[in-house]
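What follows is a single structure, written as structure tokens, with notes after it.
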Amino acid sequence: MGVNEAVAEAFAAEWGQVVATLIRVTGDWDLAEDCAADAFAAALERWERDGVPDKPGAWLTTTARNRAMDLLRREAVGAAKLRQAAALDHAAQEAAEPDEVPDDRLRLIFTCCHPALPFEARVALTLRTLVGLTTAEIARAFLVAEPAMYQRLTRAKKKIREAGIPYRVPPTHLLPGRLRAVLAVIYLLFNEGYAASAGDRLVRQDLSAEAIRLARLLVRLLPEPEARGLLALMLLHDARRPSRADEAGVLVPLEHQDRSRWDPAKIAEGLRLLPGTPGPYQLQAAIAACHATAPSVEATDWPRIVRLYDDLLKLLPSPVVRLNRAVAVAMADGPEAGLALVEDLADAGELAGYHLLPATRADLLRRQGAYAGAARAYREALTLAPTDADRAYLKARLEETLRRGTSASG
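Under our numbering, the residues of the sequence shown are numbered 67 to 476, in order.
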């Protein structure tokens, strides 16, 4: 493994821990991010010269902490800055204070998810600070413009600083009030790694494992149905990871996945966490369980999946859920029924710019034998696809559709 690959791997595995540690001991979010970035930049140069250390995370944390100490001492013009530097010295020599959940990353999530912050800002700030996602990547996850997301992040950091929001896992009686945002953060963290497993950003696969680890901690801390439901959902999805992409990194559709490669231990664990009081994650996990336990796409209980989506829409009435329901309806009642629902979504304009809308339309048209219309929809989806893996999949589908169209017309 080259130095660039080693640093990229360390970034995926250690960024959140390095930043979380610095925030705990300095209380300065911007300083923590800047010094963490400096540490990774230093690694590119010094690991090339000295070799990759046995414990990259410890090396990066020490380097970032030393950088923060240097900056604070250089800029120290009052007692507050000197106290920050002293805190760093103290942290370098002593272990963190005991905590109910001694995990800096989980503390960081709960700090970001304080109810004083708007919900979307809580999620976005955690993804930026814990995961190191760029503002553009977070904006894409929220389907908003990058400048708007930058403003949200800036305001959230300012609010934490001005309100003196503590860096800790809150007392038990305050946990439920932050649960919704914490669950959303962990699930987005999982999805970022899960999407990476199919192509562009292979180094981020570890994010899914980190999300599952954090969810296990959360279930131990707060074993409520929705926390259990999220853990079940992620396990059931992650069980399918080995078959989601071919050797070239191109997405493999569900109907073509080799189900013998799915992880039975993760499926069994996910199923044990269900059922529970129906909530958004419990319902999504129940949908994932329908797929995980079926021997094939054809044998899947699609009517049950449609009913589960009906229940989910009552709790989470989003256009993305409606699009997923349209796919299930197409599988249960035929492509014409699903296509009508997709066209309704397109007319409403709520998913404008979302590549999976024209991609779904294309798939349903292809199943009907309407190859010319399907090709147009695939081309539209290609212009909107956010990743190389998505584009490779859509390009392959387009080429297949064009071949079928030529054969049908000949």
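Where is the CB? At the ideal position from N, CA and C, for every residue including glycine.
These figures come from a predicted structure and were not determined experimentally.
Under the DSSP definition of a beta bridge, which residues are partnered with residue i?
i: ALA412; result: Answer by DSSP bridge pairing: none, since ALA412 is not bridged.
i: ALA311; result: LEU317
Among the options, whose alpha-carbon lies nearest the alpha-carbon of residue i?
i: PRO424; options: VAL395, ALA398, VAL386 and ASP454; result: VAL386
i: CYS356; options: THR366, ALA74, ALA436 and GLU290; result: THR366
i: ASP483; options: ALA298, TYR253, ALA360 and LEU450; result: Residue 483 is absent from the model: the chain starts at 67 and stops at 476.
i: ARG338; options: LEU296, ASP454 and VAL363; result: LEU296
i: GLY435; options: ALA455, SER362, SER475 and ALA187; result: SER475
i: ALA438; options: THR453, LEU417, ARG470 and ASP454; result: ARG470
i: ALA78; options: VAL197, THR127 and GLY117; result: VAL197
i: PRO346; options: ALA414, ARG246, ARG307 and ARG194; result: ARG246
i: PRO237; options: PHE176, THR343 and ARG463; result: PHE176
i: ASP104; options: ARG90, GLY93 and TRP81; result: TRP81
i: ILE89; options: LEU411, ASP170, ALA107 and ASN132; result: ASP170
i: HIS180; options: ALA207, TYR260 and PRO242; result: PRO242
i: TYR375; options: LEU284, ASP94, GLU364 and ALA352; result: ALA352
i: ALA207; options: LEU254, LEU450, PHE106 and ARG112; result: LEU254
i: TRP113; options: ALA72, LEU138, ARG133 and ALA134; result: ALA72
i: ARG463; options: PRO452, LEU448, ASN70 and SER473; result: LEU448
i: ARG433; options: ALA74, GLY400 and PHE185; result: GLY400
i: ARG442; options: ARG427, SER384 and VAL408; result: ARG427
i: ILE231; options: ALA76, ALA412 and TRP95; result: TRP95
i: ALA331; options: LEU317, ALA74 and ALA298; result: ALA298
i: ARG370; options: ALA398, ALA74 and ALA451; result: ALA398
i: ARG188; options: PRO119, VAL251, VAL91 and GLU465; result: VAL251
i: GLU466; options: ASP454, ARG115, THR453 and TYR444; result: TYR444
i: ALA102; options: ALA412, ALA396 and ALA134; result: ALA134
Let me know the secondary structure DSSP gives residue i once reduced to three states.
i: ILE89; result: helix
i: CYS179; result: coil
i: GLN323; result: coil
i: GLU364; result: coil
i: ASP165; result: Bear in mind that a pLDDT of 48 at ASP165, under 50, signals an unreliable position, so the number given afterwards is only what the model happens to contain. In this structure, ASP165 counts as coil in the three-state DSSP scheme.
i: LEU209; result: coil
i: HIS239; result: helix
i: GLU465; result: helix
i: ILE333; result: helix
i: ILE231; result: coil
i: TRP81; result: helix
i: GLY295; result: helix
i: LEU199; result: coil
i: SER475; result: helix
i: SER274; result: helix
i: HIS421; result: coil
i: ALA72; result: helix
i: THR220; result: helix
i: VAL386; result: helix
i: ARG445; result: helix
i: VAL118; result: coil
i: LEU191; result: helix
i: TRP328; result: coil
i: THR129; result: helix
With 16 as the cutoff for other CB atoms within 10 Å, does residue i come out buried or exposed?
i: LEU183; result: buried
i: ARG140; result: exposed
i: LYS223; result: buried
i: ALA158; result: Bear in mind that a pLDDT of 45 at ALA158, under 50, signals an unreliable position, so the model cannot answer this.
i: LYS121; result: exposed
i: HIS303; result: buried
i: LEU381; result: exposed
i: ASP456; result: buried
i: SER274; result: buried
i: ALA392; result: buried
i: GLU249; result: Sequence check: residue 249 is Leu here, not Glu. By the neighbour-count rule (16 or more Cβ atoms within 10 Å), LEU249 is buried.
i: ALA161; result: At ALA161, the pLDDT of 41 sits below 50, so the modelled position is not reliable; the number obtained from the coordinates is stated separately. Its Cβ having fewer than 16 others within 10 Å, ALA161 is exposed.
i: GLY93; result: buried
i: ALA261; result: buried
i: ASP429; result: buried
i: ALA305; result: buried
i: LEU174; result: buried
i: GLY227; result: A quick correction: the sequence has Arg, not Gly, at residue 227. With fewer than 16 other Cβ atoms within 10 Å, it is exposed.
i: GLU111; result: exposed
i: ARG194; result: buried
i: THR127; result: buried
Confirm the yes/no value for this check: CB of residue i, any heavy atom of the ligand ZN, distance under 7 Å.
i: LEU172; result: With respect to the ligand ZN, the structure offers nothing, as it holds no ligand at all.
Between residue i and residue j, which are expected to be in contact by the criterion C-beta below 8 Å, what is the C-beta distance as a whole number of angstroms?
i: TYR420; j: LEU199; result: Actually they are not in contact, since the Cβ atoms of TYR420 and LEU199 sit about 19 Å apart, beyond 8 Å.
i: LEU417; j: LEU389; result: 7 Å
i: LEU301; j: GLY336; result: 4 Å
i: LEU219; j: THR201; result: 7 Å
i: VAL85; j: ALA98; result: 5 Å
i: ARG327; j: SER309; result: 5 Å
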